[in-house]
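Report on the following structure.
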Amino acid sequence: MSDQTVDRAVDVALSAPLPPPDAAGSRGRFSLLADAARLTRTRIGLAIVGVVVLVALGGPLVAPHSPTEFVAIPNSAPSGEALFGADALGRDVWSRFLHGGSSVLWLAVASTVLGMVVGVAVGLIAAYSRNWLDDLLMRTNDVLLAFPQIIFVLLAVSALGPQLWLIVLTVGLTHAPRVARIMRGAALEVVERDFIKSAEVVGEKRWRIVFGELLPNVTSPLMVETGLRMTYSIALVAGISFLGFGLQPPTADWGLMINENRLSITVQAWAVMLPVIAIGLFTVGTNLVTDGISRALIGLDRKASS
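Start counting the sequence shown at 1234; every next residue gets the next number (this note's numbering).
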């Protein structure tokens, strides 16, 4: 074989499209989701989350009264006019509950998405760089992890005011270091695989290797971490509203409802119990789904190793 033929064969090999990522690719993700969906805990979790989301999004459409309308004597018992009674100011508890879920939901979702995007980017870049940038990013992560999430959020909101965009930003940023640490750990093994080295030999741009080759192979732990972050987001957002740094009165919000009616809980418990039950159920539901995905991931790893 001549040298020109060999050179031509090398050129063809280098210009050929890269093979798809191995077992952690799309088939692995679909298998993971299918295995998780077969678990009873996952189905129960999805049902709980679906009901709470339906109430939060569709509640304002079926609420019998405006959330700010005075319908009865303050702290009155359930009646035909107010299904679960009136709150401390005489407003319909049921109507305020139906209107108050959407704010908690969208704030938690937005915070989770922001934290996941930033954390995934930092974690993958750190794992792929394997140099001083890795040390810089991870040591900065360690510093941020030393601050409790709620303290960091409250400091920012106290200084700049109860702005919704600030709540999303601060809650999301407190998630990012934790997500980055998980993603870096998952990606460290993947960066040593042959398809990553092949992409480097071909001359792929680094950002395409990180997000086009590396990211699809760490989606399984990413799905588990997303569920966990969503759980913490719900608790943080509701806690901030309870402390008075979220949506301001007279806006209906589950966390704010708990704060407004906590002193009269012995007289009118529904104004506190309804949002507490909803937040608790949503947290339990997301935890069940996350646990189901985690169990399916363990089973998938066992199949791959056997």
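Glycine is no exception: its CB is placed at the ideal position from the N, C-alpha and C atoms.
Enclosing alpha helix (DSSP H) for residue i [first to last residue]
i            : result
residue 1289 : 1273-1295
residue 1332 : 1326-1362
residue 1491 : 1487-1494
residue 1428 : 1427-1435
residue 1378 : 1365-1378
residue 1382 : 1382-1393
residue 1422 : 1397-1423
Test item: CB-CB of residue i and residue j under 8 Å
i            : j            : result
residue 1395 : residue 1481 : yes
residue 1292 : residue 1331 : yes
residue 1453 : residue 1530 : yes
residue 1328 : residue 1297 : yes
residue 1325 : residue 1315 : yes
residue 1356 : residue 1417 : yes
residue 1345 : residue 1456 : no
residue 1321 : residue 1306 : no
residue 1404 : residue 1466 : yes
residue 1406 : residue 1399 : no
residue 1278 : residue 1459 : no
residue 1505 : residue 1526 : no
residue 1447 : residue 1420 : yes
Residue i, buried or exposed, once every other Cβ within 10 Å from all chains shown has been counted against 16
i            : result
residue 1386 : buried
residue 1334 : buried
residue 1479 : buried
residue 1350 : exposed
residue 1384 : exposed
residue 1443 : buried
residue 1366 : exposed
residue 1508 : buried
residue 1487 : buried
residue 1489 : buried
Where residue i falls: helix, strand or coil (DSSP)
i            : result
residue 1468 : helix
residue 1478 : coil
residue 1529 : helix
residue 1515 : helix
residue 1317 : coil
residue 1522 : helix
Contact between the segment 1422-1436 and the segment 1369-1378 (3+ Cβ pairs under 8 Å): no
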